[in-house]
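Colleague:
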Amino acid sequence: VDSNVNCNGQPDGVFLSSPYCNVFHRCIFGSRFDFRCARGNNVSYDLWWNQQTNVCDWPCRVQCTNQLFGSTTSTQQVQSESLAFFNNDCRAYPRIF
1 VDSNVNCNGQ PDGVFLSSPY CNVFHRCIFG SRFDFRCARG NNVSYDLWWN
51 QQTNVCDWPC RVQCTNQLFG STTSTQQVQS ESLAFFNNDC RAYPRIF
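Here it is, written out as structure tokens:
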């Protein structure tokens with residue numbers, strides 16, 4: 001869990017989990033909820049949270065320097081599964097977008 005994201009006293013909104021590219025947090029009435037981006041169609045990896053567009057997106061379209069892959073095991077717990085490096089060139093991804 002990214003302990004740097006504290007929703008107590010914060011406005012409602014969505015925040016990127018700094019160490020995990022595919023995990024984001026939503027603050028609602030001071031409570032934090034953790035979410036994992038869905039797996040892309042016809043691929044074996046999750047999409048990444050795009051902080052600029054506020055949607056899960058292809059890794060080649062997202063600026064995420066840590067490139068860690070996380071999974072949610074509950075709404076309040078996120079664990080690191082593996083380190084995944086992705087090509088930032090979208091031409092390397094399936095033509096489904």
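All residue numbers for the sequence shown refer to the UniProt record's numbering, where the first residue is 1 and numbers rise by one. Glycine included, every Cβ here is placed at the ideal spot set by N, Cα and C. Given the structure is predicted, the values throughout are model-derived calculations rather than measurements.
Relative to the alpha-carbon of ASP46, which residue among HIS25, TYR20 and CYS27 has its alpha-carbon at the smallest distance?
Modeller: ASP46 has its Cα closest to that of TYR20, out of HIS25, TYR20 and CYS27.
Colleague: Excluding sequence positions up to five away, which residues of its chain have a Cβ less than 7 Å from the Cβ of CYS37?
Modeller: Correct list, in chain order: ASN22, ASP46, LEU47, TRP48, TRP49 and CYS56.
Colleague: Could you check where the beta strand (DSSP E) with VAL14 kicks off and where it finishes?
Modeller: From DSSP, the beta strand (DSSP E) with VAL14 extends over 13-16.
Colleague: Give the DSSP bridge partners of ARG36, in chain order.
Modeller: VAL23.
Colleague: For SER44, count neighbouring C-beta atoms within 10 Å of its own C-beta (all shown protein chains included) and say buried if the count is 16 or more, exposed if not.
Modeller: Its Cβ having fewer than 16 others within 10 Å, SER44 is exposed.
Colleague: So for LEU56, helix, strand or coil by DSSP?
Modeller: In the sequence as displayed, the identity of residue 56 is Cys instead of Leu. Strand at CYS56.
Colleague: Quick check: what's the CA-CA separation for VAL14 versus GLY40?
Modeller: Taking the straight line from one Cα to the other gives about 21 Å.
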